[in-house]
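*Asks:*
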Amino acid sequence: MRCRVIGVMSFKGGVGKTVSAINLATGLSLKGKKVLVIDGNFLSPTLHFYLGLLRPKTTLKEVIRNNLAPENAIYEHKSGIHLLPCNFYKGIDLNKLKKIVDELKEKYDYIIVDSGPSYTDEIIAILMISDELIFITTADYPTLASTVKAAKFAKYKNVKILGIVVNRKRNKKYELSKKDIEATVKLPVICTILEDHKMMSSVLEFVPVVWKYRRSKSAKAYLELADKVCKSDNSWSLIGSSLR
Ligand SMILES: Nc1ncnc2c1ncn2[C@@H]1O[C@H](COP(=O)(O)OP(=O)(O)OP(=O)(O)O)[C@@H](O)[C@H]1O
Ligand SMILES: [Mg+2]
Numbered sequence: 045m046r047c048r049v050i051g052v053m054s055f056k057g058g059v060g061k062t063v064s065a066i067n068l069a070t071g072l073s074l075k076g077k078k079v080l081v082i083d084g085n086f087l088s089p090t091l092h093f094y095l096g097l098l099r100p101k102t103t104l105k106e107v108i109r110n111n112l113a114p115e116n117a118i119y120e121h122k123s124g125i126h127l128l129p130c131n132f133y134k135g136i137d138l139n140k141l142k143k144i145v146d147e148l149k150e151k152y153d154y155i156i157v158d159s160g161p162s163y164t165d166e167i168i169a170i171l172m173i174s175d176e177l178i179f180i181t182t183a184d185y186p187t188l189a190s191t192v193k194a195a196k197f198a199k200y201k202n203v204k205i206l207g208i209v210v211n212r213k214r215n216k217k218y219e220l221s222k223k224d225i226e227a228t229v230k231l232p233v234i235c236t237i238l239e240d241h242k243m244m245s246s247v248l249e250f251v252p253v254v255w256k257y258r259r260s261k262s263a264k265a266y267l268e269l270a271d272k273v274c275k276s277d278n279s280w281s282l283i284g285s286s287l288r
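Using the numbering used here, read the sequence shown as starting at 45 and increasing by one per residue.
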């Protein structure tokens, strides 16, 4: 299987990019895939905190700056996922990053890339290394407006978009419906994650909710998302159908 690099993106802070990157990765790992998560939130990296790696000695920043092998900064979490954390890094060397990710593709089935919320040069790096993107949004107009902006930008850069994940849904009247969201962004909603206190528990325990609380509503949704992502791999098709 060829490795797929999936960027998790939103131009709005705090909507759940990092937890979604971690839990999608864990869902894929539970399906037997080899998965690496990269912290692409170069200006405000937090991925490692969510998994209890409080002071990583070596990170992506040192790998790029000191020309180290990436394995020097890859850590294995007890859930099975691998993590390449980052340290505050302004002015990332895009070519070196691309080369590192291309090399890592040999070793993984999936590479999930978390990203930052700001519309900065660093976002270009995420688009450059990602084969596909997933947008995270909440069901309100201000967040959706930034999702529209991010989607336009990705389409302009020709990166394949898998769809939208609506996070922290409370099923209240004041929230936008799936139909509203799809009509506004002109992309399919591929998953809806409910507001779930088990998510906060898992953050406190430094574990993915999908790994520790598999029966929780958020875990079930992330497992479905992992399933959809696997099934969306259309790099292979039976030649029989085109011969018919
Ligand atoms: N479905 C959910 N239910 C409950 N809490 C959630 C849910 N999704 C995210 N959270 C919480 O919201 C907070 C922000 O999530 P997260 O850090 O993943 O957002 P982010 O988009 O990565 O933020 P940033 O843009 O700052 O990087 C975290 O404390 C997380 O635990
Ligand atoms: Mg984040």
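Each residue gets a CB set at the ideal place from its N, CA and C atoms; glycine is no exception.
How long is the line joining the alpha carbons of Leu87 and Pro186, rounded to whole angstroms?
*Replies:* If you number the sequence shown from 1, residue 87 lands on position 43. If you number the sequence shown from 1, residue 186 lands on position 142. Each residue's alpha carbon lies about 23 Å from the other.
*Asks:* Looking only at its own chain, which residues have a Cβ that is under 8 Å from the Cβ of Lys75, when we skip the five neighbours before and after it?
*Replies:* In the sequence shown, counting from the first residue as 1, residue 75 sits at position 31. Closer than 8 Å at Cβ, skipping near neighbours: Ala270, Asp271 and Cys274.
*Asks:* Can you give the Cα-Cα distance for Lys105 and Gly135, rounded to whole angstroms?
*Replies:* Taking the first residue of the sequence shown as position 1, residue 105 is located at position 61. Taking the first residue of the sequence shown as position 1, residue 135 is located at position 91. Each residue's alpha carbon lies about 11 Å from the other.
*Asks:* Could you tell me which residues DSSP puts in a beta bridge with Cys47?
*Replies:* Along the sequence shown, read from residue 1 onward, the residue named residue 47 stands at position 3. According to DSSP, Cys47 bridges with nothing at all.
*Asks:* What are the complete alpha helix (DSSP H) segments, minimum 4 residues, inside the segment 80–107?
*Replies:* The segment 80–107 contains these whole alpha helix (DSSP H) runs: 91–94.
*Asks:* Please classify Gly57: is it buried, with 16 or more other beta-carbons within 10 angstroms of its beta-carbon, or exposed?
*Replies:* For the purposes of this step, residue 57 is taken as the residue at position 13 of the sequence shown. Under this definition Gly57 is an exposed residue.
*Asks:* What's the gap between the Cα of Ile66 and the Cα of Pro252?
*Replies:* Working through the sequence shown from its first residue, we reach residue 66 at position 22. Working through the sequence shown from its first residue, we reach residue 252 at position 208. Whole-angstrom Cα-Cα distance: 6 Å.
*Asks:* List the residues that DSSP assigns as beta-bridge partners of His126.
*Replies:* Taking the sequence shown and counting its residues from 1, one reaches residue 126 at position 82. BP columns for His126 point to Leu80 and Glu120.
*Asks:* Exposed or buried, which one is Ala227 when buried takes at least 16 other CB atoms within 10 Å?
*Replies:* Position 183 of the sequence shown holds residue 227. The residue is exposed, with fewer than 16 neighbouring Cβ atoms inside 10 Å.
*Asks:* Just mark Ser159 as buried or exposed, buried being the case when its beta carbon has 16 or more other beta carbons within 10 Å.
*Replies:* On the sequence shown, residue 159 is found 115 positions in, with the first residue counted as 1. Counting Cβ neighbours within 10 Å, Ser159 comes out buried, since at least 16 surround it.
*Asks:* From the DSSP output, which residues share a beta bridge with Met53?
*Replies:* In the sequence shown, residue 53 corresponds to position 9, counting from 1. According to DSSP, Met53 bridges with Phe179.
*Asks:* For Gly71, report the span of its alpha helix (DSSP H) as first-last.
*Replies:* Walking along the sequence shown from the start, residue 71 turns up at place 27. Lys61 to Leu74 is the extent of the alpha helix (DSSP H) around Gly71.
*Asks:* Would you check whether ligand 2 has a heavy atom nearer than 7 Å to the C-beta of Asn85?
*Replies:* The count along the sequence shown starts at 1 and reaches residue 85 at position 41. True, at least one ligand heavy atom lies under 7 Å from that Cβ.
*Asks:* Regarding Lys310 and ligand 2, is the C-beta to nearest heavy atom distance less than 7 Å?
*Replies:* There is no way to answer for residue 310, as the model of the chain reaches only from 45 to 288.
*Asks:* Give a yes or no on whether the C-beta atoms belonging to Thr70 and Trp255 are separated by under 8 Å.
*Replies:* For this step, residue 70 is matched to residue 26 along the sequence shown. For this step, residue 255 is matched to residue 211 along the sequence shown. For Thr70 and Trp255, yes; Cβs fall inside 8 Å.
*Asks:* Anyone know if the C-beta pair for Val59 and Asn211 falls short of 8 Å?
*Replies:* Counted from its first residue, the sequence shown places residue 59 at position 15. Counted from its first residue, the sequence shown places residue 211 at position 167. Yes, they are a contact pair.
*Asks:* So what does DSSP say about Leu220, is it helix, strand or coil?
*Replies:* The sequence position of residue 220 within the sequence shown is 176, counting from 1. DSSP places Leu220 in coil when its eight states are reduced to three.
*Asks:* Which stretch, first to last residue, makes up the beta strand (DSSP E) that contains Asp158?
*Replies:* Position 114 of the sequence shown, counted from the first residue, corresponds to residue 158. Note, Asp158: beta strand (DSSP E), Tyr154 to Ser159.
*Asks:* Suppose only complete runs of 4+ residues qualify. What are the alpha helix (DSSP H) ranges in the segment 196–248, listed by chain order?
*Replies:* Here the runs fully enclosed are 222–229 and 241–248.
*Asks:* If I follow the unbroken alpha helix (DSSP H) through Leu267, where does it start and stop?
*Replies:* Locating residue 267 in the sequence shown gives position 223, counting from the first residue. Taken as a continuous stretch (DSSP letters only), the alpha helix (DSSP H) holding Leu267 covers Lys261 to Lys275.
*Asks:* Got a sec: does ligand 2 put a non-hydrogen atom nearer than 7 Å to the Cβ of Met158?
*Replies:* Here residue 158 corresponds to residue number 114 of the sequence shown, with the count starting at 1. According to the sequence displayed, residue 158 carries Asp and not Met. Answer for Asp158: yes, Cβ within range of ligand 2.
*Asks:* Measuring straight from C-alpha to C-alpha, what distance separates Pro161 and Met45?
*Replies:* As a working mapping, residue 161 is identified with position 117 in the sequence shown. As a working mapping, residue 45 is identified with position 1 in the sequence shown. Cα to Cα, the separation comes out at about 31 Å.
*Asks:* So, is His126 buried or exposed, given that buried needs 16 or more other C-beta atoms within 10 angstroms?
*Replies:* Against the sequence shown, residue 126 aligns to sequence position 82. Buried is the call here.
*Asks:* What I want to know is whether the C-beta of Thr70 ends up closer than 7 Å to one or more non-hydrogen atoms of ligand 2.
*Replies:* As a working note, residue 70 is residue 26 in the sequence shown. No; taking the cut-off as 7 Å, the Cβ of Thr70 has no heavy atom of ligand 2 nearer than that.
*Asks:* Are there three or more Cβ pairs, one per stretch, closer than 8 Å when the segment 231–245 is compared with the segment 206–220?
*Replies:* The answer is yes - the segment 206–220 touches the segment 231–245, with three or more Cβ pairs under 8 Å.
*Asks:* Heavy atom of ligand 1 less than 7 Å from the Cβ of Asn211, yes or no?
*Replies:* Stepping through the sequence shown from its first residue, residue 211 is reached at position 167. Within the cutoff, so yes.
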